[in-house]
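S.K.: Numbering of the sequence shown is given in this note's numbering, commencing with residue 592 and proceeding in unit increments. Think of the CB as a built atom: it goes at the ideal place given N, C-alpha and C, for glycine as much as any other residue. Small disclaimer: the values here were computed from a predicted structure and weren't measured.
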Amino acid sequence: MVYVYKTKLLGEIIMKIFNFLMKDIVFIPVGILLAITIWFGTNTNNKFWWYITGITAPILFIYSLIKIIHDRKKRS
Numbered sequence: 592m593v594y595v596y597k598t599k600l601l602g603e604i605i606m607k608i609f610n611f612l613m614k615d616i617v618f619i620p621v622g623i624l625l626a627i628t629i630w631f632g633t634n635t636n637n638k639f640w641w642y643i644t645g646i647t648a649p650i651l652f653i654y655s656l657i658k659i660i661h662d663r664k665k666r667s
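#1: So which of Ala648, Tyr642 and Phe639 has the shortest CA-CA distance to Leu624?
#2: Is the distance from the Cβ of Ala626 to the Cβ of Ile605 below 8 angstroms?
#3: Note down, in chain order, each residue of its chain lying with its Cβ closer than 7 angstroms to the Cβ of Ile650, except the 5 sequence neighbours on either side.
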């Protein structure tokens with residue numbers, strides 16, 4: 592039970608970091624998806640979810656970083 596609470600807390604922290612970094616409507620679904628995939632990956636013993644998390648989380652993270660950099664260049 593404590594483990595589940597910790598992972599949910601981690602998901603919320605990730606969401607807050609994402610919302611702080613982006614402040615764009617486009618990125619809220621990306622943050623939610625990342626939090627959900629990490630939450631599922633850590634809470635289930637099913638290897639299928641581990642693979643999904645292992646693949647989607649880095650892709651979403653890299654995509655969001657590229658998008659942030661791209662948006663910052665546009666603004667300046």
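M.R.: So, to answer that:
#1: Ala648
#2: yes
#3: none
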